[in-house]
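**Student:** Please find one structure pasted underneath; my questions will follow.
Number of protein chains: 2
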Amino acid sequence: MSSEFTLLHTDDSSQARLGRIDTAHGPIHTPAFAPVGTQATVKALDPRDLRELGAELILANTYHLYLRPGADVVAEMGGLHHFMGWDGPILTDSGGFQVFSLAENRVVTDDGVVFRSHVDGSQHLFTPEVVVRIQEQLGADIIMCLDECAEPHDRAYNEAALARTHAWATRCLEAQSRSDQALFGIVQGGIFADLRQESAEFLAGLGFPGYAIGGLSVGESKPDMHAMLDVTVPLLPAEKPRYLMGVGAPEDLLEAVARGIDLFDCVLPTRLARNAALFMRQGRINIRNAQFERDPSPVEAGCGCYTCQNFSRSYLRHLFKAGEILAARLATIHNVHFLLALMRDVRQAVAEGAFDAFKDEFLSGYPIIPHEVRATNRERRKSHQGSR
Amino acid sequence: MSSEFTLLHTDDSSQARLGRIDTAHGPIHTPAFAPVGTQATVKALDPRDLRELGAELILANTYHLYLRPGADVVAEMGGLHHFMGWDGPILTDSGGFQVFSLAENRVVTDDGVVFRSHVDGSQHLFTPEVVVRIQEQLGADIIMCLDECAEPHDRAYNEAALARTHAWATRCLEAQSRSDQALFGIVQGGIFADLRQESAEFLAGLGFPGYAIGGLSVGESKPDMHAMLDVTVPLLPAEKPRYLMGVGAPEDLLEAVARGIDLFDCVLPTRLARNAALFMRQGRINIRNAQFERDPSPVEAGCGCYTCQNFSRSYLRHLFKAGEILAARLATIHNVHFLLALMRDVRQAVAEGAFDAFKDEFLSGYPIIPHEVRATNRERRKSHQGSR
Chain A
1 MSSEFTLLHT
11 DDSSQARLGR
21 IDTAHGPIHT
31 PAFAPVGTQA
41 TVKALDPRDL
51 RELGAELILA
61 NTYHLYLRPG
71 ADVVAEMGGL
81 HHFMGWDGPI
91 LTDSGGFQVF
101 SLAENRVVTD
111 DGVVFRSHVD
121 GSQHLFTPEV
131 VVRIQEQLGA
141 DIIMCLDECA
151 EPHDRAYNEA
161 ALARTHAWAT
171 RCLEAQSRSD
181 QALFGIVQGG
191 IFADLRQESA
201 EFLAGLGFPG
211 YAIGGLSVGE
221 SKPDMHAMLD
231 VTVPLLPAEK
241 PRYLMGVGAP
251 EDLLEAVARG
261 IDLFDCVLPT
271 RLARNAALFM
281 RQGRINIRNA
291 QFERDPSPVE
301 AGCGCYTCQN
311 FSRSYLRHLF
321 KAGEILAARL
331 ATIHNVHFLL
341 ALMRDVRQAV
351 AEGAFDAFKD
361 EFLSGYPIIP
371 HEVRATNRER
381 RKSHQGSR
Chain Z
389 MSSEFTLLHT
399 DDSSQARLGR
409 IDTAHGPIHT
419 PAFAPVGTQA
429 TVKALDPRDL
439 RELGAELILA
449 NTYHLYLRPG
459 ADVVAEMGGL
469 HHFMGWDGPI
479 LTDSGGFQVF
489 SLAENRVVTD
499 DGVVFRSHVD
509 GSQHLFTPEV
519 VVRIQEQLGA
529 DIIMCLDECA
539 EPHDRAYNEA
549 ALARTHAWAT
559 RCLEAQSRSD
569 QALFGIVQGG
579 IFADLRQESA
589 EFLAGLGFPG
599 YAIGGLSVGE
609 SKPDMHAMLD
619 VTVPLLPAEK
629 PRYLMGVGAP
639 EDLLEAVARG
649 IDLFDCVLPT
659 RLARNAALFM
669 RQGRINIRNA
679 QFERDPSPVE
689 AGCGCYTCQN
699 FSRSYLRHLF
709 KAGEILAARL
719 ATIHNVHFLL
729 ALMRDVRQAV
739 AEGAFDAFKD
749 EFLSGYPIIP
759 HEVRATNRER
769 RKSHQGSR
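Written out as structure tokens, the structure is:
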């Protein structure tokens, strides 16, 4: 059976919703944040860690797994769940974003995209049919249509890309041969309200079991992101899940939940962790800072994660300064816990009709970093790895 | 209270012994292998992993922790156990080996050793009094005398170094101010039987609560190593534990247990793991090898470790090829499990009077790599990190 979404409750004073997606590998309680396991591992964590952290959904990258170890290898090993030892729900993206974040070496036609591997320079073709086939080999519970992610401020490019994205969405639906995977359409259209509306209406007409919103958090301003959600979400069917791709900053999660988003994924918590940047309710700290050399307190007082329950800021700083592998692991555990705990709090607040107050209180204490998303995106493009 | 050794049983047909060291942080059942946590972490593992693996003793390096984060920082954070979140027994070495494996930048006098930090080039002095003081700040259960580890084939150097090592042992005993740490003497003497005998007799006369044998597995042949154990061990008091420093190859563990050794430490299992080399009863495999690309079996059939219980060779190979952090973690779990399980089997065999048969059976299936130890040592010296 494919994944089924149940809408449990919608907030009175916002668009925030409480729901549940039932998959063959267990339920996902929404609003939910999915840690990213680009190469079939959430970096520095093992599946037992993810369970203990309360992760209900993880994302893996079609582009990366297609190139290495190969979708046929994963299929031969019993599919992605078995391969990576994670028996909970998995979502794979279509690989489109990665192809388009590798700025060089790609040629887009109406048929698909020709690109060169960042691993070995070999040439490859992604078409709607190819990416559906690959995702069927990988075997995730939720899979994505091939889309074209354009520079968000370029009107002409967004018009052309949107036409392709829509044609590809139709072809993906036709190409799907497995009935146990939920194929989501992806709304595009840059920062142009009319294109976003057109895209939402077109895809809603195709009757997908879920809808993603792509091409946001890729360089546009936060007001632009909010405006695009405001025009898009109301045009998507209420009884289907809505997934905002590549967004994971705490303030963005809250603003998007308020606008009716159910699912999120982002490399932010794991990538920041490896750079020693740790989430706190009062904003982030960089644990390498000299001020933590003799600080016996946990990263965040009151935090229930394994890291905060067992280790001091002083020890974490030492591990980072000494270049120890355990640094990445303990920092990742804390950051992923922070976002998953935030989403649990969000769900409880929505259930209690107190989401607005919760959001206001959180945001009043959390310093917003305006160029967060843009900087992350720049780093992503520079690295040529482009994992959302 | 200091650590107490209880000799439980000695084998009939070899010198193999069964014992228990009771420390303030719990018992160590001997013969025991201690994983090495050079910089206050066993690389890629957390304390929960170590507990689950059944580790009863870990080693940390005085030299590294003195330089970074500093023994005063560790002391201020409540000592090494609290700092690294490990409440089991810890042994610290004296730092002597690390100083002497940094071939450049050291000047030895009868007073001690002046050397430059491999971290920042700053100049430091280790004397017997200084290293006892540092180890008292770190707070391990078992601590070591400052010794001089000489090139094993150089007679004149070994004579001079041994005189210093003995004088330093006396000074370490006098310098000790904490009564809750067991200070072990270290037998030296290169590959010279008369020097080893002289050293064992001299140190036994000082009445240490335990005795280490240093300066082996540093470039000498296996027959030389065995010969040195044969002449040394019988001169050490039977009622005290005997610790062979820096030895961890499976065949060396068995040969040394047969000669009456109770304790071991070595970076071999953790370092090999990070290089994708995995222990098996039939010898080692390198999991990066192309033959494992589509191998659905665990690293070793029948192995009870978390890695083998949950992941295939194919997945481990993928993690190493993709440069994922989880590769180091899963490989380290397997290799440390292998050696700790081997030592559990050894203890059971000794208890059952079947050690000789166990050793013969194991060694008949395990291909010995003659230059293993030497190669590891060369790598160690090249890296200028010198962690045993």
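If you read the protein sequences in the order shown, they are chains A and Z. Residue 1 is where the first sequence starts when you use my numbering, and the numbers rise one by one after that. Residue 389 is where the second sequence starts when you use my numbering, and the numbers rise one by one after that. C-beta: ideal position from N, C-alpha, C; glycine also. Values in this document were obtained by computation on a predicted structure and should not be read as measured data.
For residue 450 of chain Z, does the three-state DSSP call read helix, strand or coil?
**Tutor:** On the second sequence, residue 450 of chain Z is found 62 positions in, with the first residue counted as 1. It is helical.
**Student:** Cα separation between residue 643 of chain Z and residue 305 of chain A?
**Tutor:** The count along the second sequence starts at 1 and reaches residue 643 of chain Z at position 255. The count along the first sequence starts at 1 and reaches residue 305 of chain A at position 305. Approximately 44 Å, taken between the alpha carbons.
**Student:** Run through DSSP, which three-state label would residue 275 of chain A get?
**Tutor:** Start at 1 with the first residue of the first sequence, and residue 275 of chain A comes out as number 275. The answer is coil: DSSP assigns residue 275 of chain A none of H, G, I, E or B.
**Student:** Give the single residue among Z:460, Z:601 and Z:506 whose Cα lies nearest to the Cα of residue 333 of chain Z.
**Tutor:** Outside the shown range of chain Z (389 to 776) lies residue 333 of chain Z, about which nothing can therefore be said.
**Student:** DSSP three-state label for residue 635 of chain Z, please.
**Tutor:** Your numbering for residue 635 of chain Z matches position 247 in the second sequence. Note: residue 635 of chain Z maps to coil in three-state DSSP.
**Student:** Ignore the nearest five residues each way along the sequence and tell me which others in residue 474 of chain Z's own chain have a CB closer than 6 Å to its CB.
**Tutor:** Within the second sequence, the letter at position 86 stands for residue 474 of chain Z. So the qualifying residues of the chain are 435.
**Student:** Could you work out which residues of chain Z lie near residue 325 of chain A, taking near to mean beta carbons separated by less than 9 Å?
**Tutor:** The sequence position of residue 325 of chain A within the first sequence is 325, counting from 1. Neighbours of residue 325 of chain A on chain Z, chain order: 429, 431, 432, 433, 662, 713, 716, 717 and 720.
**Student:** Looking at chain A, which residues of the stretch 685-709 of chain Z have a Cβ within less than 8 Å of any of its Cβ atoms?
**Tutor:** Residues 694, 698, 699, 700, 702, 703, 705, 706, 707 and 709.
**Student:** Put residue 405 of chain Z into one of helix, strand or coil per three-state DSSP.
**Tutor:** By one-based count along the second sequence, residue 405 of chain Z stands at place 17. Three-state DSSP puts residue 405 of chain Z in a strand.
**Student:** What residues from the stretch 282-296 of chain A come within 7 Å of chain Z, judged by C-beta to C-beta, listed N to C?
**Tutor:** Answer set for the stretch 282-296 of chain A: 293, 294 and 296.
**Student:** Using a Cβ-Cβ cut-off of 8 Å (strictly less than) and excluding sequence neighbours within five positions of residue 20 of chain A, which residues of its own chain qualify?
**Tutor:** Walking along the first sequence from the start, residue 20 of chain A turns up at place 20. Excluding positions up to five away in sequence, the list reads 5, 6, 8, 27, 28, 29 and 30.
**Student:** Could you tell me which whole alpha helix (DSSP H) segments of length 4 or greater appear in the stretch 634-717 of chain Z?
**Tutor:** You should have 638-646, 656-662, 694-698 and 701-709.
**Student:** Are residue 98 of chain A and residue 61 of chain A close, meaning C-beta to C-beta below 8 Å?
**Tutor:** The residue given as residue 98 of chain A occupies position 98 in the first sequence. The residue given as residue 61 of chain A occupies position 61 in the first sequence. Cβ distance < 8 Å, so residue 98 of chain A and residue 61 of chain A count as in contact.
**Student:** Who pairs with residue 30 of chain A in a beta bridge, going by DSSP?
**Tutor:** Position 30 of the first sequence holds residue 30 of chain A. Residue 30 of chain A pairs with A:19.
**Student:** Tell whether a beta-carbon distance below 8 Å holds between residue 24 of chain A and residue 263 of chain A.
**Tutor:** For the purposes of this step, residue 24 of chain A is taken as the residue at position 24 of the first sequence. For the purposes of this step, residue 263 of chain A is taken as the residue at position 263 of the first sequence. Taking 8 Å as the Cβ cut-off, residue 24 of chain A and residue 263 of chain A do not qualify as a contacting pair.
**Student:** From the DSSP output, in three-state form, read off residue 68 of chain A for me.
**Tutor:** Sequence index remark: in the first sequence, residue 68 of chain A carries index 68 (1-based). Residue state, collapsed to three classes: coil.
**Student:** Just curious, the beta strand (DSSP E) that residue 187 of chain A is in, first and last residue?
**Tutor:** Along the first sequence, read from residue 1 onward, the residue named residue 187 of chain A stands at position 187. Residue 187 of chain A -> beta strand (DSSP E) spans 182-187.
**Student:** Can you check DSSP and say which residues form a bridge with residue 523 of chain Z?
**Tutor:** Position 135 of the second sequence, counted from the first residue, corresponds to residue 523 of chain Z. DSSP lists no partner for residue 523 of chain Z.
**Student:** Can you name, in chain order, every residue of its own chain whose Cβ lies under 7 Å from the Cβ of residue 507 of chain Z, other than the five neighbours on each side?
**Tutor:** Position 119 of the second sequence holds residue 507 of chain Z. Here the set comprises 455 and 456.
**Student:** Spell out the partners DSSP gives residue 395 of chain Z in its beta bridges.
**Tutor:** As a first step, residue 395 of chain Z is located in the second sequence; it is residue number 7 there, counting from the start. Its beta-bridge partners are Z:407.
**Student:** Determine whether the beta carbon atoms of residue 184 of chain A and residue 149 of chain A lie at a separation below 8 Å.
**Tutor:** As a working mapping, residue 184 of chain A is identified with position 184 in the first sequence. As a working mapping, residue 149 of chain A is identified with position 149 in the first sequence. No, the pair does not count as a contact, with Cβ atoms beyond the cut-off.
**Student:** Start and end of the alpha helix (DSSP H) containing residue 583 of chain Z?
**Tutor:** Here residue 583 of chain Z corresponds to residue number 195 of the second sequence, with the count starting at 1. Residues 581-594.
**Student:** Any beta carbon from chain A within less than 8 Å of residue 423 of chain Z's own beta carbon?
**Tutor:** For this step, residue 423 of chain Z is matched to residue 35 along the second sequence. Not an interface residue.
**Student:** Would you list the residues sitting across from residue 91 of chain A in a DSSP beta bridge?
**Tutor:** The residue you call residue 91 of chain A lines up with position 91 of the first sequence. Paired residue(s): A:59 and A:142.
**Student:** Using a beta-carbon distance cut-off of less than 8 Å, what residues from the stretch 72-99 of chain A approach chain Z?
**Tutor:** So the close ones are 73, 76, 77, 78, 83, 84 and 85.
**Student:** Could you check the C-alpha separation between residue 204 of chain A and residue 228 of chain A for me, to the nearest Å?
**Tutor:** Residue 204 of chain A sits at position 204 when you count from the first residue of the first sequence. Residue 228 of chain A sits at position 228 when you count from the first residue of the first sequence. So the two alpha carbons sit approximately 16 Å from each other.
**Student:** Residue 657 of chain Z versus chain A: which residues are under 8 Å apart at the beta carbon?
**Tutor:** Position 269 of the second sequence holds residue 657 of chain Z. Those within 8 Å of residue 657 of chain Z in chain A number zero; the least Cβ separation is about 15 Å.
**Student:** State the start and end residues of the unbroken alpha helix (DSSP H) segment that holds residue 81 of chain A.
**Tutor:** Taking the first sequence and counting its residues from 1, one reaches residue 81 of chain A at position 81. That run of the alpha helix (DSSP H) goes 80-84.
**Student:** Would you report the Cα separation of residue 586 of chain Z and residue 295 of chain A, rounded to the nearest angstrom?
**Tutor:** Counting from one through the second sequence, the residue named residue 586 of chain Z turns up at place 198. Counting from one through the first sequence, the residue named residue 295 of chain A turns up at place 295. The alpha-carbon atoms of residue 586 of chain Z and residue 295 of chain A are separated by roughly 48 Å.
**Student:** Quick check on residue 335 of chain A: buried or exposed, where buried means 16 or more other Cβ atoms within 10 Å of its Cβ?
**Tutor:** Stepping through the first sequence from its first residue, residue 335 of chain A is reached at position 335. Looking at its Cβ environment, which holds 16 or more other Cβ atoms inside 10 Å, residue 335 of chain A is buried.
**Student:** Taking C-beta to C-beta, are residue 705 of chain Z and residue 680 of chain Z nearer than 8 Å?
**Tutor:** Taking the second sequence and counting its residues from 1, one reaches residue 705 of chain Z at position 317. Taking the second sequence and counting its residues from 1, one reaches residue 680 of chain Z at position 292. Against a cut-off of 8 Å, the Cβ pair of residue 680 of chain Z and residue 705 of chain Z comes out as a contact.
**Student:** Kindly identify the DSSP beta-bridge partner or partners of residue 366 of chain A.
**Tutor:** As a first step, residue 366 of chain A must be located in the first sequence, where it is residue number 366. DSSP, once it has assigned bridges, lists no residue as partnering residue 366 of chain A.
**Student:** Do we get a CB-CB distance below 8 Å when we pair residue 439 of chain Z with the residues of chain A?
**Tutor:** Against the second sequence, residue 439 of chain Z aligns to sequence position 51. So, not an interface residue.
**Student:** Measure the alpha-carbon distance for residue 597 of chain Z versus residue 470 of chain Z and round it to whole angstroms.
**Tutor:** Indexing the second sequence from 1 puts residue 597 of chain Z at position 209. Indexing the second sequence from 1 puts residue 470 of chain Z at position 82. Spanning the two alpha carbons is a distance of roughly 25 Å.
**Student:** Would you mind working out which of Z:427, Z:711, Z:472 and Z:514 sits nearest residue 324 of chain A, comparing C-alpha positions?
**Tutor:** Counted from its first residue, the first sequence places residue 324 of chain A at position 324. Checked all of Z:427, Z:711, Z:472 and Z:514; the closest Cα to residue 324 of chain A is Z:427.
**Student:** If you check the beta carbons only, do residue 109 of chain A and residue 143 of chain A fall under 8 Å apart?
**Tutor:** One-based indexing of the first sequence puts residue 109 of chain A at position 109. One-based indexing of the first sequence puts residue 143 of chain A at position 143. No, the pair does not count as a contact, with Cβ atoms beyond the cut-off.
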